[in-house]
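Peer 1: What follows is a single structure, and I will ask about it in a moment.
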Amino acid sequence: AQSVTQLGSHVSVSEGALVLLRCNYSSSVPPYLFWYVQYPNQGLQLLLKYTSAATLVKGINGFEAEFKKSETSFHLTKPSAHMSDAAEYFCAVSKGNTGFQKLVFGTGTRLLVSP
Amino acid sequence: DVKVTQSSRYLVKRTGEKVFLECVQDMDHENMFWYRQDPGLGLRLIYFSYDVKMKEKGDIPEGYSVSREKKERFSLILESASTNQTSMYLCASSPIRTSGLDRRNTIYFGEGSWLTVV
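Sequence lines, in order, name chains X and R. Under my numbering, the first residue of the first sequence is numbered 629, with each subsequent residue one higher. Under my numbering, the first residue of the second sequence is numbered 76, with each subsequent residue one higher.
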């Protein structure tokens with residue numbers, strides 16, 4: 629069964645610092661992996677997705693993630709944090725081998741950005 | 076832009092009440108989902124539907140039912156609300172491509188419905 633583990637429920641960075649949010653996955657089949665962002669009082673918005681093409685995936689708002697099969701990881705990074713990046717971030721893995729696109733989500737990491 | 080609309084953003088209901096959460100999408104998507112979001116637990120799938128009148132249980136279906144009479148609308152029903160159903164509920168939709176193994180679809184989420192059961 630597919631699952632994801634997000635390390636750290638909260639991550640604090642200063643504005644301009646590197647952002648690194650960790651996600652490790654478990655999957656018995658080649659996974660499809662996703663990062664979603666949730667701003668306060670809003671739904672989830674797709675940041676980026678890995679679908680077995682390039683291992684380095686670029687997303688919106690300057691974020692990117694690298695799929696590392698040997699480490700079963702899909703960590704999210706951004707070179708320089710902005711105040712507007714403060715939000716909750718969810719890693720997810722696609723479950724099942726049909727087209728239904730059911731996702732299994734991690735527990736989320738809240739990113740705090742200080743001036 | 077894809078729009079997933081949840082009719083009620085904030086609801087307060089009493090224990091034992093029947094509660095309806097409505098969701099409408101405007102992109103002719105086949106798949107629709109209801110998730111529940113709780114602090115420290117992330118999102119958990121309650122039910123999903125891949126076609127009109129078709130539904131399947133997700134990971135936590137107990138205490139919930141769903142209805143999909145039209146393709147664009149997916150309703151979540153709490154038959155008898157309980158305090159442990161106080162949560163944020165998120166509706167989502169996604170298209171199915173014609174090739175069954177192509178899973179590159181994006182799931183689109185609504186803004187969520189905050190339900191408090193007192």
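We put the beta carbon where it would ideally sit given N, CA and C, even for glycine.
With DSSP as the reference, label X:S655 as helix, strand or coil.
Peer 2: Stepping through the first sequence from its first residue, residue 655 of chain X is reached at position 27. The answer is coil: DSSP assigns X:S655 none of H, G, I, E or B.
Peer 1: Span of the beta strand (DSSP E) holding X:V641?
Peer 2: One-based indexing of the first sequence puts residue 641 of chain X at position 13. Its beta strand (DSSP E) spans residues H638 to S642.
Peer 1: Please state if the CB of X:V665 and the CB of X:Y717 are separated by a distance shorter than 8 Å.
Peer 2: The residue given as residue 717 of chain X occupies position 89 in the first sequence. The residue given as residue 665 of chain X occupies position 37 in the first sequence. Against a cut-off of 8 Å, the Cβ pair of X:V665 and X:Y717 comes out as a contact.
Peer 1: Below 7 Å between beta carbons is the criterion; list the residues of the segment 116 to 149 of chain R that meet it against any residue of chain X, in chain order.
Peer 2: L116, G117, L118, L120, F123 and Y125
Peer 1: Under 9 Å Cβ-Cβ, which residues of chain B neighbour R:E186?
Peer 2: Here chain B cannot be found, since the structure's protein chains are X and R.
Peer 1: Which chain X residues sit within Cβ distance under 8 Å of R:T161?
Peer 2: By one-based count along the second sequence, residue 161 of chain R stands at place 86. In chain order: nothing, as chain X lies at least about 17 Å away.
Peer 1: Between R:L96 and chain X, is there a C-beta pair that is closer than 8 Å?
Peer 2: Residue 96 of chain R sits at position 21 when you count from the first residue of the second sequence. Cβ-Cβ to chain X under 8 Å: no for R:L96.
Peer 1: Are there 16 or more other CB atoms within 10 angstroms of the CB of X:V703, so buried, or fewer, so exposed?
Peer 2: Here residue 703 of chain X refers to the residue found at position 75 when the first sequence is read from its first residue. What sits at residue 703 of chain X in the sequence shown is His, not Val. Buried, because 16 or more other Cβ atoms sit within 10 Å of the Cβ of X:H703.
Peer 1: Whole angstroms are fine: how far does the CA of R:L120 sit from the CA of X:A682?
Peer 2: Taking the first residue of the first sequence as 1, we reach residue 682 of chain X at position 54. Taking the first residue of the second sequence as 1, we reach residue 120 of chain R at position 45. Computed Cα separation, rounded: 29 Å.
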